[in-house]
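Have a look at the structure below before the remarks.
Here you go:
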């Protein structure tokens, strides 16, 4: 009977955990061939291996230690009843000992499983720590290399966090058992603990105070460099001269407290535990709140500039380095009042490329003139440069993408088999208009018609774009719609090698489960030679393939010399652990934050545009090129994911010609430079030379001039 009571909760727990795990196994099984098709198997294997190892180690440690402590507490009190009253039952209490024994294993298993899942989510911190690259720059207070704050400190915090979690859960479980068994009680305002359990609790408290001491010294003290006590981010006069000494004292108190918990084992009374706890809280309140507040108010504020000057310098220097503002070249421009005909003639190329069209109204105009059908959409307009008839011209272009939401009949066959891609683009100069006031178009219509031999599109299909959000099947028995031609439609068949080949009925069933549609399994149009294209939205595609990077808000399309369409997508390495560097809002990267654990909140204080991503609009192939080899963060990722990144020199010349400085990082740097061009502490403190970004009003909205 006892065996039956013990087995049922364990089976229930295993089934529950399996139900949670199975959907992830299905997703991973579908993602593996996707990564393999891209040539990014190393990313998939490395991340998955790190998650499994980290999840298993932490989960097993959590399960083992919690189970051990609960079993110890149960063993030490096995001869005592555990009486609890659950309402009235014949006026008697119920002995719940057997229920405690039954619940210990499934409870420890569940806690270990979910702790392991949480730990697996911190794979990036784990991998970064074991692949550290030094910055070659040290912080001005503790003289540690910046890599300590980027890679080592987060790892230490995670380890300490898991340690606290295990100890606290073990303490709670043991205390509940001891209270129910009656071996802990309060008599005449004194805590009474039976000796049989005192050793167990003292060891747990010893570990708790030891971890607190380690956390104070190795985490709280370095974290002073992110303090906001002063008028800037970073350790201020008060932090260095008031908080820091008390944190060192607090570390000593906690180490002493850990020792006293062991000494307390041999004492009859338990006052030492309360003395340690009381001393800890008193020192914390005085040292981190009361004393610093007095110093700040009486000493710093009346002489703030004098006291904070060296720390303001630290903030300026760190911010300039963290955002690459120290690489800005300054020069004096002497404006000439007279503009002559000769000046205009000598700058003819510049005058010809003065942009007359604004993006927003031009996007609407492109839509009215060139969408052709309601299921086509122009999502964005981008600026670029092309050699056209021997002249270097600035142009504006917009891809014509398929919007499946606007299909007249939204069926499985239409959405997943027939209407699979967008088609072509519209392109024109920035400075020309027709007699009707409409934009001049060098490239237009379906199929694309070019008015110049300099630009020709030979592969106009857009299977991967900004609107392509749903999965589709190609190389099926069903014809693919290509483009409308008068009252008729032109059909095509996919000729590329993009996507994942179906191959077998088993894989067909896998994708039916992955996308929750049994129509995939039942469709006769989908054969073993068919291919499924998914993660087709280029933003999602890039984030799935390279989940450790952050991406610009504006990918843009280019036309190669072979007439193919390719997307260029700027990628960033960002962090918020650069000591003394000012934080900025990172809401422009908000969609990325959910994926990366190196960024723990919505702010950042380090950024580099270290990678350019190129995505083929026809087959979805991805190439990642390193553009800033001196970035330590991209060096770390290159060590972790060997063979993924290519040198910038390997980028084809016809694509490299279209590389531009990305807008998002430019906005961040521009915003900061309005203040951080000032290098003298007094001028910076008084904001004597604060700049403002000019703005322009367009269609009732005021936007900063950034482009």
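Residue numbers (this note's numbering): 828 to 1534. Glycine included, each C-beta is placed from N, C-alpha and C at the ideal position.
Per DSSP, the continuous beta strand (DSSP E) segment holding residue 1222 begins and ends at 1218-1229. Under DSSP, residue 1354 takes part in no beta bridge, so it has no partner. Excluding five sequence positions before and after residue 1518, the CB atoms of its chain that fall closer than 6 Å to its own CB belong to 1501, given in chain order. In the DSSP assignment, residue 1494 falls outside any beta strand (DSSP E) and within the unbroken alpha helix (DSSP H) covering 1490-1503. With contacts defined by Cβ atoms closer than 7 Å, residue 1299 and residue 1360 form a contacting pair.
Residue nearest to residue 1435 within the set 1378, 1478, 1140 is 1378 (criterion: CA-CA distance). Under DSSP, residue 1277 shares a beta bridge with 1270. The C-alpha of residue 1386 lies about 20 Å from the C-alpha of residue 1321. The beta-bridge partner set that DSSP reports for residue 1205 consists of 1227.
If you draw a straight line from the Cα of residue 1030 to the Cα of residue 994, it is about 10 Å long.
In this structure residue 1157 is not in contact with residue 1063, their Cβ atoms being roughly 29 Å apart against a cut-off of 8 Å.
Segment contact: the region 942-961 against the region 877-888, three or more CB-CB distances shorter than 8 Å; contact assigned. Look at residue 1451 here: in three-state DSSP terms it is strand. The C-beta distance from residue 1286 to residue 1326 rounds to 16 Å, too long to meet the 8 Å contact threshold. In the pairwise beta carbon analysis, the region 1202-1222 is classified as touching the region 1250-1264: at least three pairs are separated by under 8 Å. In the DSSP assignment, the residues bridged to residue 1412 are 1430. Under the three-pair Cβ rule at 8 Å, the region 994-1007 does not count as touching the region 1043-1063.
Non-local beta-carbon contacts of residue 1215 in its own chain, meaning distances under 6 Å to residues more than five positions away in sequence, involve 1279, 1281 in chain order. Separation of the CB atoms of residue 1087 and residue 940 is rounded to 36 Å, and the pair is thereby denied contact status at 8 Å. Between residue 1099 and residue 1090, the beta carbon gap of about 7 Å places them in contact (Cβ cut-off 8 Å). Between the C-alpha atoms of residue 1460 and residue 1403 there is a straight-line separation of about 12 Å. In the structure shown, residue 1214 adopts extended strand secondary structure according to DSSP, grouped into three states. Take residue 868, set aside five residues on each side of it, and the residues of its chain with a beta-carbon closer than 7 Å to its own are 862, in chain order.
If you compare the alpha carbons of 1341, 1311, 1340, 1383 with that of residue 1210, the shortest gap goes to 1383.
Contact holds between the region 1260-1279 and the region 1299-1313, because three or more Cβ pairs, one in each stretch, are under 8 Å apart.
DSSP places residue 1315 inside the beta strand (DSSP E), whose first and last residues are 1315-1319. By the Cβ neighbour-count rule, residue 1170 is exposed, with fewer than 16 other Cβ atoms within 10 Å of its own. When secondary structure is reduced to three states using DSSP, residue 1378 falls in the strand class. With at least 16 other beta carbons inside 10 angstroms of its own, residue 1268 counts as buried. Burial is judged here by how many other beta carbons sit within 10 angstroms of a residue's own beta carbon; residue 1465 has at least 16 and is buried.
Proximity of the region 1492-1510 to the region 1445-1454 falls short of the contact definition, fewer than three beta-carbon pairs being nearer than 8 Å. Per DSSP, the continuous alpha helix (DSSP H) segment holding residue 992 begins and ends at 980-1008. Residue nearest to residue 1484 within the set 1388, 1147, 1503, 1353 is 1388 (criterion: CA-CA distance). Nearest in C-alpha terms to residue 1023, of all of 1011, 929, 1265, is 1011. Remark: fewer than three beta-carbon pairs, one from each stretch, lie closer than 8 Å, so the region 884-901 and the region 1471-1481 are not flagged as touching. Under a 10 Å Cβ-count criterion, residue 1335 is classified as buried, with 16 or more other Cβ atoms of the shown protein chains found around its own Cβ.
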